[in-house]
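Asker: Got a structure for you, written out below as structure tokens; questions coming shortly.
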Amino acid sequence: MTASEAFNERKGVCRDFTHLGVAFCRCMNIPAPYCTGYLGDMPVDAPMDFSAWFEAYLGGWWYTFDARHNIPSIGRVPIALDRDAADVPITHTFGPNTLISFRVWTDEVS
């Protein structure tokens, strides 16, 4: 889904909403990389998947924006950031593959 489709259809997943936020920022000449990783502190009952968010450079500081969850997060675990989702895939394979198991645990470090 493109940023335009996410805007017009008012639906999507974290990747789509992040692309939309990045597009809005870039239209205003605000540097905004696409970020991918995990949200380790989200209180969910289901297994967590990867997540996406973006950063924006405003007034000399980088700020993080999560267009999907819209709540403060201290457990964000960034894996990669770049121009868009195509540049930061969590996995990239050729041919058939099967992921048997994948688990991520996060703990706050004092």
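Using my numbering, the letters of the sequence shown map in sequence onto residues -15 to 94.
Beta carbons are placed, not taken as given, at the ideal position from N, Cα and C, and that holds for glycine.
1. Give a yes or no on whether the C-beta atoms belonging to D50 and L23 are separated by under 9 Å.
2. First and last residue of the alpha helix (DSSP H) that includes A70?
3. How long is the line joining the alpha carbons of D71 and I58, rounded to whole angstroms?
4. Return helix, strand or coil for V61, following the three-state DSSP convention.
5. Evaluate S85 with the Cβ neighbour count: other Cβ atoms within 10 Å of its Cβ, from every protein chain shown; 16 or more gives buried, anything less gives exposed.
6. With a threshold of 7 Å on Cβ separation, who are the neighbours of C(-2) within its own chain once the five nearest residues in sequence on each side are excluded?
7. Ignoring anything shorter than 4 residues, give me the alpha helix (DSSP H) runs that lie fully in the stretch -13 to 15, in order along the chain.
8. At which residues does the beta strand (DSSP E) containing A109 begin and terminate?
9. Any idea what DSSP makes of L23, helix, strand or coil?
10. Got a sec, what are the start and stop residues for the beta strand (DSSP E) S85 sits in?
Answerer: Reading off the structure:
1. Here residue 50 refers to the residue found at position 66 when the sequence shown is read from its first residue. Here residue 23 refers to the residue found at position 39 when the sequence shown is read from its first residue. Between D50 and L23, the gap from beta carbon to beta carbon is short of 9 Å.
2. The residue given as residue 70 occupies position 86 in the sequence shown. According to the DSSP assignment, A70 belongs to no alpha helix (DSSP H), since it is labelled neither H nor E.
3. Within the sequence shown, numbered from 1, the residue matching residue 71 stands at position 87. Within the sequence shown, numbered from 1, the residue matching residue 58 stands at position 74. Near 25 Å, if we compare the C-alpha coordinates of I58 and D71.
4. Taking the first residue of the sequence shown as 1, we reach residue 61 at position 77. In the structure shown, V61 sits in a strand (DSSP, three-state: E or B).
5. For the purposes of this step, residue 85 is identified with residue 101 of the sequence shown, where counting begins at 1. Burial call: exposed.
6. By 1-based counting over the sequence shown, the position of residue -2 is 14. Contacts found: S35, A36, R52.
7. As far as the stretch -13 to 15 is concerned, its whole alpha helix (DSSP H) runs of at least 4 residues are -13 to -7, -2 to 11.
8. With the chain represented from -15 up to 94, any question about residue 109 goes unanswered, as that position is not in the structure.
9. To locate residue 23, count along the sequence shown from 1; it is residue 39. Looking at L23 - three-state DSSP - the assignment turns out to be strand.
10. Position 101 of the sequence shown holds residue 85. Looking at the DSSP string, S85 is not in any beta strand (DSSP E), and its letter there is neither H nor E.
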